[in-house]
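In the working numbering, the protein residues as written are 25 to 456. A virtual CB, placed ideally from N, CA and C, is assigned to each residue, including glycine. Note that the structure is a prediction, hence the values are computed from the model and not measured. Everything below concerns the one structure shown next.
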């Protein structure tokens with residue numbers, strides 16, 4: 025007896041299913057819709073006619089074996105540009121002379137480039153610092169299954185939106201309070217001129233006449249008036265350069281943040297293959313510490329400014345919003361920033377009475393101690409750890425070299441140098 029075989033899909037009659045029953049109109053419509061969808065997807069995946077993929081520079085693949093020890097291969101199987109030949113002996117006079125001359129030339133070229141592109145280098149350092157600060161946020165989003173490009177856009181977008189909202193809320197208040205200062209300045213000057221102290225000085229030294237003479241000389245001096253005009257023009261150019269620099273830093277931060285993993289891989293490939301795991305471990309530790317330090321310092325500065333604003337509002341210190349903004353900026357400078365902010369606010373608080381200034385000083389310095397022993401250690405527990413003396417010296421040196429930016433990056437730089445000294449130089453000295 026023959027076994028009955030089911031017909032294959034090719035042997036079935038058109039319009040019948042696997043069980044031999046006729047397909048209904050719904051099944052035909054479904055198959056037709058799926059076919060149209062598949063055709064549409066295939067067309068989307070096809071390249072645009074005439075379009076070519078953009079050229080990208082890629083690193084050569086890592087070799088599993090040393091190419092110099094392998095036997096010669098045919099041109100068809102070997103590297104595209106051939107295998108490198110043996111290196112010239114380092115003791116050869118021609119090699120020594122050429123490399124020495126080339127080294128001096130490269131050093132002079134780097135010095136020339138550094139002196140003539142200082143502003144650009146400052147923008148690059150700022151953008152890299154911001155990118156390292158946002159990298160932990162992007163990596164946290166990656167751990168939550170968010171693609172890195174989307175994480176970069178989210179992190180930078182939130183940062184820009186937060187800064188824009190902060191300034192949009194703050195600038196009108198600052199303008200109002202600065203205008204109030206300008207309106208009150210004549211009354212302050214008039215009250216000072218009418219005071220007994222100024223009258224006694226005027227009777228002894230003729231201060232009023234000397235001030236009038238100096239003002240007349242200043243007004244009649246064309247160089248002085250030209251200097252005022254040049255100062256106004258210089259201020260306008262400074263503002264324009266600041267806006268342009270902000271845009272450059274923002275764009276560079278976006279590029280650095282998106283290409284940070286590729287930049288790291290490039291840097292690791294510059295080290296010998298036997299040292300790459302150690303170089304990668306040290307680099308990851310440094311970048312992680314810098315990123316955590318930036319985020320921690322932002323949180324500490326915001327808490328500092330919020331506390332100062334609350335105390336100033338309770339005590340009735342004038343220009344509390346403007347002073348809170350100043351406190352937030354100065355709090356980014358480690359160690360000395362809080363002290364400078366306290367002195368600035370206390371001087372303004374003296375206009376409301378010495379009792380107000382004393383109460384604010386007590387509250388703010390108590391907060392600084394609380395911040396140093398309870399807030400900062402918890403926020404900075406994953407960041408850098410630098411001895412106090414090294415931190416003070418690095419902040420002063422960084423501020424002298426690069427201003428506020430140098431003071432900001434001084435402590436992460438010092439921590440990186442100390443880590444390299446401990447893991448490389450001191451470890452090598454201990455082995456000998």
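Return the residue from the list 424, 354, 419 and 118 that minimises the CA-CA distance to residue 325.
354
Under DSSP, the alpha helix (DSSP H) around residue 310 begins and ends at which residues?
300-339
Is residue 191 helix, strand or coil when you go by DSSP?
helix
Status (buried if at least 16 other CB within 10 Å, exposed otherwise) for residue 162
buried
Does the stretch 304-312 touch the stretch 337-346, meaning 3 or more C-beta pairs lie closer than 8 Å?
no
Count the other CB atoms within 10 Å of the CB of residue 424; is the residue buried (16 or more) or exposed (fewer)?
exposed
Use the C-beta contact count for residue 358: other C-beta atoms within 10 angstroms, 16 or more gives buried, fewer gives exposed.
buried
To the nearest angstrom, report how far apart residue 159 and residue 214 are at their CA atoms.
55 Å
Could you give the DSSP three-state label for residue 107: helix, strand or coil?
coil
I need the DSSP call for residue 427, collapsed to helix, strand or coil.
coil
How about the stretch 134-149 and the stretch 298-306: do they share at least three Cβ pairs that are nearer than 8 Å?
no
Residues in the same chain with beta-carbon distance under 7 Å from residue 156, minus the five sequence neighbours each way, listed in chain order, please.
311, 314, 315 and 318
Would you decide whether residue 373 is buried or exposed? Buried here means 16 or more other CB atoms lie within 10 Å of its CB.
buried
Counting Cβ pairs closer than 8 Å, one from the stretch 267-282 and one from the stretch 162-180, do we hit at least three?
yes
Among 453, 356, 204 and 434, which has the Cα closest to the Cα of residue 411?
434
For residue 399 and residue 381, believed in contact at Cβ under 8 Å, the rounded distance
In fact, because the Cβ distance is near 24 Å, the residues do not count as touching under 8 Å.
For residue 452 and residue 442, I'd like the C-alpha separation in whole angstroms.
14 Å
Using the rule of at least 16 other Cβ atoms within 10 Å of the residue's Cβ for burial, across every protein chain shown, is residue 403 buried or exposed?
buried
C-alpha distance - residue 127 paired with residue 417, whole-angstrom precision
32 Å
Cα-Cα separation, residue 153 to residue 221:
52 Å
What does a CB cutoff of less than 7 Å around residue 216 pick up in its chain, not counting 5 residues either side in sequence?
222
Is residue 377 helix, strand or coil when you go by DSSP?
coil
Thinking residue 273 and residue 150 are a contact (beta carbons under 8 Å), I'd like their distance in whole angstroms, please.
5 Å
Kindly indicate which three-state DSSP category residue 295 falls into: helix, strand or coil?
coil
Residue burial classification, residue 329 (beta-carbon count within 10 angstroms, cutoff 16):
buried
Within a Cβ cutoff of 7 Å, which residues of the same chain sit near residue 269, ignoring the five residues on either side of it in sequence?
147
Pick from 186, 265 and 284 that is closest to residue 172, judged by C-alpha positions
284
If you follow the alpha helix (DSSP H) that residue 358 is in, where does it begin and where does it stop?
Segment: none, residue 358 is in no alpha helix (DSSP H) and carries neither H nor E.
Extent of the continuous alpha helix (DSSP H) to which residue 126 belongs
117-140
Would a C-beta distance cut-off of 8 Å place residue 176 and residue 282 closer than the cut-off?
yes
C-alpha distance - residue 196 paired with residue 125, whole-angstrom precision:
59 Å
Mark residue 206 as exposed unless 16 or more other C-beta atoms lie within 10 angstroms of its C-beta, in which case mark it buried.
exposed
Check whether the Cβ of residue 282 lies closer than 7 Å to any heavy atom of the ligand SAH, and answer yes or no.
In the structure shown, the ligand SAH is absent, as is every other ligand, since no ligand is present at all.
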